[in-house]
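2 protein chains.
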Amino acid sequence: MNFRELYNKLLNENITADKELPFQVERISFKKGDILTAYGAVEPNVYFLHSGIVELKIKSYVSEKILDFFFTNEVVTCLTSFLLQQPSDVEMTAIADGEAEFFTYHGIQQAYATGSLQVNKLGRILTEQAYLRKAQREKDFLSKTAEERYGEMFEFHKDYLLQIPVNKIAKYLGVHPESLSRIRKKLNS
Amino acid sequence: MNFRELYNKLLNENITADKELPFQVERISFKKGDILTAYGAVEPNVYFLHSGIVELKIKSYVSEKILDFFFTNEVVTCLTSFLLQQPSDVEMTAIADGEAEFFTYHGIQQAYATGSLQVNKLGRILTEQAYLRKAQREKDFLSKTAEERYGEMFEFHKDYLLQIPVNKIAKYLGVHPESLSRIRKKLNS
Numbered sequence: 063m064n065f066r067e068l069y070n071k072l073l074n075e076n077i078t079a080d081k082e083l084p085f086q087v088e089r090i091s092f093k094k095g096d097i098l099t100a101y102g103a104v105e106p107n108v109y110f111l112h113s114g115i116v117e118l119k120i121k122s123y124v125s126e127k128i129l130d131f132f133f134t135n136e137v138v139t140c141l142t143s144f145l146l147q148q149p150s151d152v153e154m155t156a157i158a159d160g161e162a163e164f165f166t167y168h169g170i171q172q173a174y175a176t177g178s179l180q181v182n183k184l185g186r187i188l189t190e191q192a193y194l195r196k197a198q199r200e201k202d203f204l205s206k207t208a209e210e211r212y213g214e215m216f217e218f219h220k221d222y223l224l225q226i227p228v229n230k231i232a233k234y235l236g237v238h239p240e241s242l243s244r245i246r247k248k249l250n251s
Numbered sequence: 063m064n065f066r067e068l069y070n071k072l073l074n075e076n077i078t079a080d081k082e083l084p085f086q087v088e089r090i091s092f093k094k095g096d097i098l099t100a101y102g103a104v105e106p107n108v109y110f111l112h113s114g115i116v117e118l119k120i121k122s123y124v125s126e127k128i129l130d131f132f133f134t135n136e137v138v139t140c141l142t143s144f145l146l147q148q149p150s151d152v153e154m155t156a157i158a159d160g161e162a163e164f165f166t167y168h169g170i171q172q173a174y175a176t177g178s179l180q181v182n183k184l185g186r187i188l189t190e191q192a193y194l195r196k197a198q199r200e201k202d203f204l205s206k207t208a209e210e211r212y213g214e215m216f217e218f219h220k221d222y223l224l225q226i227p228v229n230k231i232a233k234y235l236g237v238h239p240e241s242l243s244r245i246r247k248k249l250n251s
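Chains A and B supply the protein sequences, listed in that same order.
Using this note's numbering, read the first sequence as starting at 63 and increasing by one per residue.
Using this note's numbering, read the second sequence as starting at 63 and increasing by one per residue.
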């Protein structure tokens, strides 16, 4: 899927490839290890991933935590920083080479302001999806064990799991790498 | 503030009291202990609080957690259930008598669908605010101690704190009531 197809799908539109979207969308490619948004930077973009894996990290008072992983056909940004245009507490890093399309804060704000109904609707739907994802993550963290959460990652993102270092998966689940090894052995047996 | 004033403020509008908003807004009053949305119910409404205090709770695998408290002039709903129109994992309860205005899922969806730019913009802004609040709460939980978080509640919601039972504040902070007593003594000394 490309961003135009996502736009059409979310808004029941039918904008063909020869027509322009109401705001500019550009392409970017990134390498494993690239920092897309550093701690303290103001997030300028919203990305739609064509390939690759992106992680969002935050510094806790004990260590660094991984908030979420994003895969192909998912939308990712440091959303608080993007919405408020303030320095980010969250860092976005590529953990596998990939490509993405992106639009800028300036571009979408201009489209909001010129009164585009469809762009406001798109902004509403994308923000709703970001909220639902964060609320689901919070709920999973409170109501599921690390083993159940790993089981779901395994079920839904099996192909990607091999590309994510074990210590990152452990940081995401909030367990020690040794506990994750036990969980993995149990699941594979 | 009433909901019309909130609407005008968020959208730079100037709809006077004798004119109608693009969707219906009704009034409700509630008593301490009233369950506004029960576990398993589908959330029909979004509330704008005139007075009173509302809590959102979720069942974790060890106990029940309090996700957030909402006060005068704040917007509250079980948002995941509202957006998906699915049974709620979150329960909304009044912990102090109060009054609110509310609009319904059906009402706002109709206004979205009839292509109101302003209502889509309102939905986008309210969802952005809900996201920012949840992200801030997650960040605070990871990066601040219970003492710091209680200090901020004390600073920003001093007048309300007396109305919230100590065991609820402890549940919200994620500490034992005894630890909260120590924090309170330290802060008052």
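Using N, Cα and C, we set each Cβ at its ideal position, and we do this for glycine too.
Residues of chain A with a Cβ closer than 7 Å to the Cβ of glycine 185 of chain B are, in chain order, Arg186.
The beta carbon of asparagine 182 of chain A is closer than 8 Å to those of Tyr174 in its chain, skipping five residues each way along the sequence. Annotation: phenylalanine 216 of chain B to leucine 223 of chain B spans about 7 Å, alpha carbon to alpha carbon.
In this structure, the alpha-carbon of glycine 177 of chain A lies about 18 Å from that of threonine 189 of chain B. Taking 8 Å as the cut-off, the Cβ atoms of leucine 72 of chain A and leucine 184 of chain A count as close. Close CB contacts of phenylalanine 218 of chain B within its chain, under the 8 Å cut and outside five residues either way in sequence, are absent. By the C-beta density criterion, methionine 154 of chain A is buried, having at least 16 other C-beta atoms within 10 angstroms.
Distance from the CA atom of leucine 141 of chain B to the CA atom of glutamine 148 of chain B, rounded to whole angstroms, is 10 Å.
Residue nearest to isoleucine 120 of chain A within the set A:Arg244, A:Tyr234, A:Ser241 and A:Arg246 is A:Tyr234 (criterion: CA-CA distance).
Taking C-beta atoms as the reference points, alanine 162 of chain B and glycine 95 of chain B fail to come closer than 8 Å. Annotation: asparagine 250 of chain A to aspartate 159 of chain A spans about 28 Å, alpha carbon to alpha carbon. Counted as a single uninterrupted DSSP element, the alpha helix (DSSP H) harbouring aspartate 202 of chain A occupies residues 179-205. For the 8 Å CB-CB criterion, tyrosine 109 of chain B and serine 150 of chain B do not form a contact. About 4 Å separates the CB atoms of glutamate 105 of chain A and phenylalanine 144 of chain A; that is less than 8 Å, so the two are in contact.
For lysine 71 of chain B, the enclosing alpha helix (DSSP H) starts and ends at 65-73. The CB of leucine 141 of chain A comes closer than 9 Å to the CB of Glu190, Tyr193, Leu194 and Ala197 in chain B, given here in chain order.
In this structure, the straight-line span from the alpha carbon of asparagine 70 of chain A to that of arginine 186 of chain A is close to 15 Å.
If you draw a straight line from the Cα of tyrosine 123 of chain A to the Cα of leucine 204 of chain B, it is about 7 Å long. Within the same chain, Cβ atoms closer than 6 Å to the Cβ of aspartate 130 of chain B are found at Leu118, the five residues on either side in sequence being excluded.
Looking at A:Pro227, A:Glu210 and A:Asp221, the one whose alpha-carbon comes closest to that of lysine 248 of chain A is A:Glu210.
Distance between phenylalanine 133 of chain A and threonine 207 of chain B, taken at the CA atoms: about 33 Å. Nearest neighbour of aspartate 80 of chain B by Cα position, chosen from B:Arg66, B:Arg89 and B:Glu88, turns out to be B:Arg66. For chain B, the residues of the region 113-138 of chain A that bring a beta carbon within less than 8 Å of one of its beta carbons are Ile120, Lys121, Ser122, Tyr123, Lys127 and Leu129, in chain order. Using a Cβ-Cβ cut-off of 9 Å, asparagine 64 of chain A is close to nothing in chain B; its nearest Cβ partner there is about 23 Å away. For threonine 166 of chain B, none of the residues of chain A pass the 9 Å Cβ criterion, the least Cβ distance being about 17 Å.
For the 8 Å CB-CB criterion, lysine 196 of chain B and alanine 197 of chain A form a contact. Shown in chain order are the members of the region 202-215 of chain B whose Cβ falls below 8 Å from a Cβ of chain A: Leu204, Ser205, Lys206 and Thr207. Tyrosine 123 of chain A sits in coil when the DSSP states are folded into three classes, being neither helix nor strand. With distances taken between CA atoms, isoleucine 115 of chain B lies nearest to B:Val138 out of B:Glu126, B:Ala103 and B:Val138. Spanning the alpha carbons of tyrosine 167 of chain A and leucine 146 of chain A requires a straight line of approximately 10 Å. From the beta-carbon of glycine 160 of chain A, no residue of chain B is found nearer than 9 Å; the closest lies around 24 Å away. In summary, the residues of the region 168-184 of chain B whose CB is separated from some CB of chain A by less than 7 Å are Gly177, Leu179, Asn182 and Lys183, in the order they occur in the chain.
Sorting B:Ser241, B:Lys127, B:Glu88 and B:Ser113 by C-alpha distance to the C-alpha of glutamate 200 of chain A places B:Lys127 at the top. Non-local beta-carbon contacts of serine 113 of chain B in its own chain, meaning distances under 7 Å to residues more than five positions away in sequence, involve Thr134, Gly160 and Glu161 in chain order. The C-beta distance from phenylalanine 165 of chain A to valine 237 of chain A rounds to 36 Å, too long to meet the 8 Å contact threshold. Considering only B:Gly169, B:Met63, B:Asn64 and B:Val152, the residue with the shortest C-alpha distance to asparagine 107 of chain B is B:Gly169.
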